[in-house]
Every structure is written in structure tokens, then in C-alpha cells.
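J.: Residue 201 in our numbering sits at position 186 of the first sequence, and the numbers go up by one each step.
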Amino acid sequence: MAKRVFSGIQPTGTLHIGNYLGAIRNWVDLQRGHDCIYCVVDYHAITIDVDPKELRAASRSMALDLLACGVDPERSILFVQADVPQHTELSWILGCVTSYGDLARMTQFKDKSEKQEFVSAGLFTYPILQAADILIYKALGVPVGEDQVQHLELSRRIARRFNARFGELFPEPEPIVTKGARIMSLADPASKMSKSAGPTHYVGVMEAESSIRKKVRSAVTDVGLTPGEAMSAGVANLFLILEIACETLGDAATVSELKAEFADGRLLYSQLKDTTFERLMGVLRPIQERRARIAAAGDVDDILADGARRASAIASQTMREVRDKVGLGAAA
RNA sequence: AAGCCCGUAGCUCAAUUGGCAGAGCGUCCGACUCCAAAUCGGAAGGCUGGGGGUUCGAGCCCUCCCGGGCUUGCCA
């Protein structure tokens, strides 16, 4: 049996090229040779303030984005987290083998809680739910970015502690270190591309072409470098986007040509931007078209229902084992 | 549950005794630039958390509600 992989993404905001080039592209590739379970994590989304009128639509929309990007429901399981409520049941139990001190050490919690005026307990216990997401499917691999490594290590600790206390059940999930595509904000190349920094900082995968052109054109570069000098962060970021886009398109020549021009000090940044924009659209356009086709077909809800059904089958089996090992409930 | 403090533009905060709701940052447009940034010029942006009241006049005073923070409790 192929190695099982789990990963999730929050349904807040739209998918941006940092998400796609950094993570989702790998999700798609992992489908070859792995047994993949992909999840739109709406339980996680409500750890911060979210509009209930928008959440469900956002979850569906994110699922649609993922399908458009190439997540294949024939090969993988795609579902919305709250459609498999066993995630939260396991989360409670795992919370009881998680140390308070471990949670208090999570840097992402510290960062996020500083920015919120209302800090929910859910934000604090978030990594436990994340561990439940992974362990309930006994996933062996989890594709993660650098920012999630700490959380995955906690998941491993939780699995280990559960096994030690209640008997061997969960395999320790291994990180799948993906090609280090860390796309930076175009407006501020010192910080990672994110939706929270505002619309000028990210390029949406489904964004209108004219808008994307504008954003790529306004990318921060530098005042001009002398030949032989290292690239500035902004230029390096454009090259990174260009490189991944060209790789996807099977175009090896363009990047090396532009890099040679850069080394000679005769690269015009306007040209780099135009080329990057063009190649990026070469990648995004088919995704956008596919999204339109899938949306028109109108079977996303069916796909998600089927995904939830298949995920539930695994999750409820694991929960039977968990309840048995822990001794929960009156019925055996 | 009680006490105290807080809520003003997207964000951080001003606003004299109760007297025209403002600034910085961000956003948008323009100039400059190979493209951008920075800089300069311009613009948009508000039910002052909500309801009621006092007053000629309320961001400011009274009252209730909602939300947040801190403190001391109560119940499980």
C-alpha cells in the first residue's frame, strides 16, 4: 500500500501563488505514488474571528480552487474538515496527553496571539487539532513548510505519548520537506507572501490577469546593482517565481538567459517583470480555466460529500480503536 | 457574579469646559524611475460599538445593551 499523506489548508481568503507554488503544487505531485488525504480545515479557521455567513462558501470555494490546481478526487480524498467531526473528538483526547508547556512554546501561537485582541483558547490548542487531523488517518507523511515544522514535531510527541500511555496505535508522522519555494511578498520582499498583510502583498491564483500584471509590475526591486553583486531580495523573489513557473511549463532556457543577463549587469527589471508575469500567467491561466469548468459542472458538493464519506470510514475506524484503548464509553 | 478600565478612518492613536471629527501609517491617482522602492504632489476614506436620555448643541455627561482587558469571587 502506498504511503499515506495528509495535509490541510484553511478556507480563509483566496489561494495565493505563495500557497500554490509553495504547497499545493506539491500536493498535486504527491498524488503520484502516495495515498493522499487533503482537507479544507474549517475548524481551524474559527480559531480567529470569522464571518459565519461566509465560512461555508469559503470552504467550498477553497475546495474548488484545489480541484482546479490539480487535486484529483479519483486519486485522493478531498473533504471539508467539519464534515468529519471525529477530528474534534480525537482532538479532545489528544489534548489530554499534550503538555501545557509544549503548547505555550509554540511560536506561531505567540505571534498570532499578539496580533489579536481576543485570544481564544482554540487558538492556543490549535496544534492539538492539527495532530488529530494527521493521526486520525495514521498518516505517515505530512508536507510542511518551515513554519509548520514545530507543529509537526508536537504531533509526533503527542503520538508518542499516546502510544506510551495507552498502547501502540499511531505511527509518528514524518515531515515531507518540499522544494523550498518560499515566495515573498511582492510589495515587501523581506516578509513571506501572506493574505493577512493585505491585497497588495499577494497575488491570487484566481485573480484577474490585469490585476496580476499590475502587482508584478509594482514589485519592489532595487536601485540598480553593479555586475557580480548578489541579487536583492525582490529580484531574487521574481526569479524564484519565474523559475518555478518555467519549470512547470517545461521552459529551461528563459531563466538561464535572464540570469546571464543579470550577471552581466544588463538585465532590465522591466523585462524580468514582463517575462515573469507572462510565464506566471502561463501557469495560472489553465488553472483559472479549469476552475471555471469545474464550477460550471456543479459537482463540487458531490465530490466533497464523497470525500467526507471516504475520510469518515477511516476516521471512525481509528476512533473505535482510540475509544477502546483509552477505555471511553460504556459500550464496548 | 461583583469592581475597575477600554471601544473614534483599514491600522495606531488625537480632539481644551459639552462647541466645525483630526494626524501618522496604509490604500488609490499623479510626478520621478528601464520597472519598482524611497521621495514629492494630490485624493478617497467615519452611523465616534449599538439603543435610549439630558442639552440650543454630545466622541465627551446619564442609562441600558454588545464587545474586549484586568482583578476578586461563585457554581459545576
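In this text, a Cβ means the ideal position worked out from N, Cα and C, and glycines have one as well.
These figures come from a predicted structure and were not determined experimentally.
State whether the segment 71-79 contacts the segment 110-117, with contact taken as three or more CB pairs (one from each stretch) at a distance under 8 Å.
T.: no
J.: Give every residue of the same chain whose Cβ lies closer than 6 Å to the Cβ of I39, excluding the five residues on either side of it in the sequence, and list them in chain order.
T.: C84
J.: For S22, which residues in the same chain have their Cβ closer than 7 Å to its Cβ, ignoring the five residues on either side in sequence?
T.: W42, Y53, V157, P158
J.: I'd like to check one pair, L138 with Q145: are the Cβ atoms closer than 9 Å?
T.: no
J.: From what residue to what residue does the beta strand (DSSP E) around L93 run?
T.: Counting along the chain, the beta strand (DSSP E) containing L93 begins and ends at 92-95.
J.: Tell me which residue opens and which closes the alpha helix (DSSP H) that H102 is part of.
T.: 101-110
J.: Counting only the same chain and skipping the five closest in sequence on each side, list residues whose C-beta sits under 6 Å from that of T333.
T.: I151
J.: Under 8 Å by Cβ, that's how I've got A248 and A205 pegged, so tell me the actual separation to the nearest angstrom.
T.: 6 Å
J.: Three-state secondary structure (DSSP) at H166?
T.: helix
J.: Within the continuous alpha helix (DSSP H) that includes R40, where are the two ends?
T.: 40-45
J.: How many angstroms separate the CA atom of D148 from the CA atom of D237?
T.: 43 Å
J.: Check for me: the alpha helix (DSSP H) holding S74 runs from which residue to which?
T.: 67-84
J.: Taking A275 as the reference, which of I259, D289, R294, F254 has the closest Cα?
T.: F254
J.: How far does the alpha helix (DSSP H) with F185 in it reach, from first residue to last?
T.: Here F185 belongs to no alpha helix (DSSP H), and DSSP marks it neither H nor E.
J.: Give me, in chain order, the residues of the same chain whose beta-carbon lies closer than 6 Å to that of P26; leave out the 5 immediate sequence neighbours on both sides.
T.: V55, D57, A60, A73, S74, M77
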